[in-house]
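> For reference, the structure I am asking about is given below.
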Amino acid sequence: MLAIPNSYVIEKLTSIENSKDLSDFLNISRIKYLAPGDARNIQINNCDLTWSYGVLEHIPKQILESILIEFFRISAKNTIHYHAIGTHDHFNSQGLGNCVNFLRYSEFKWKLIAGNRFAYHNRLRRKDYKEMLNNSGFKILYEYSLIQDSDIEILKTMRIDKKFKNYSIEDLACAEFDILIQTEKK
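Just so we're aligned, residue 1 is where the sequence shown starts under the working numbering, counting upward by one.
The structure is reproduced here in structure tokens:
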């Protein structure tokens, strides 16, 4: 592992703290802000870090698969990627009291409810994300799953759509999935 001298870190943090504006901050931090844009075609190479929070669950599976391939392509050797994925029903705060209610709906009904650009949720489960990441060449370093006992109890009696019949009860009940992965390139 590369040891970074404390003086370098202090100097870098001081520079960041004294940045004049957003452009200066991004330049000092070596951050390339590319928005709006298409994450399936990123115009950089040798990326050191990708990070998302509450984003991947709002991308259709086919597009997400392409994005993961692109993340792998642009990555430097041993790039770290962190993604916090909200695998829960995002309408749970509307009085339903659980994070699994959306698993009862057929694809047709779900598209009527949330098949738009404002409320879209792909309903992919933890197992799906792990499979896509493995297929894209990433090594999983760490994962965290938030699974609430109350959602497991609800799933034991709730009718779920046939699309979800081959998932474990833990994958269905997973409300949040955080994953740290690494690009292993030779």
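Each residue gets a CB set at the ideal place from its N, CA and C atoms; glycine is no exception. These numbers were taken from a predicted model, which means no experiment stands behind them.
Tell me the DSSP secondary structure of F138 in three-state form.
Of the three classes helix, strand and coil, the one that applies to F138 here is strand, per DSSP.
> Along the alpha helix (DSSP H) that carries T87, what are the first and last residues, could you check?
No alpha helix (DSSP H) contains T87, which DSSP labels as neither H nor E.
> When the Cβ atoms of the region 132-151 are set against those of the region 161-177, are three or more pairs found closer than 8 Å?
Contact holds: three or more Cβ-Cβ distances are below 8 Å.
> Measure the C-alpha to C-alpha separation of A119 and F102 and round it to an integer number of angstroms.
Going from the Cα of A119 to the Cα of F102 covers about 12 Å.
> With a Cβ-Cβ cutoff of 9 Å, do T87 and R125 count as a contact?
Yes, the Cβ-Cβ distance between T87 and R125 is below 9 Å.
> Unbroken alpha helix (DSSP H) runs of length 4 or more, entirely within the region 7-61: which are they?
Taking only runs of at least 4 residues, the alpha helix (DSSP H) segments lying wholly in the region 7-61 are 22-29.
> Cutting at 7 Å between CB atoms, please list the residues of its own chain near C47, excluding the five before and the five after it.
I74, S75, A76, T79.
> Between the region 33-52 and the region 130-141, do at least 3 Cβ pairs fall closer than 8 Å?
The answer is no - the region 130-141 does not touch the region 33-52, with fewer than three Cβ pairs under 8 Å.
> Which partner residues does T183 have in the DSSP bridge list?
For T183, which the question treats as bridged, DSSP gives the partners F138.
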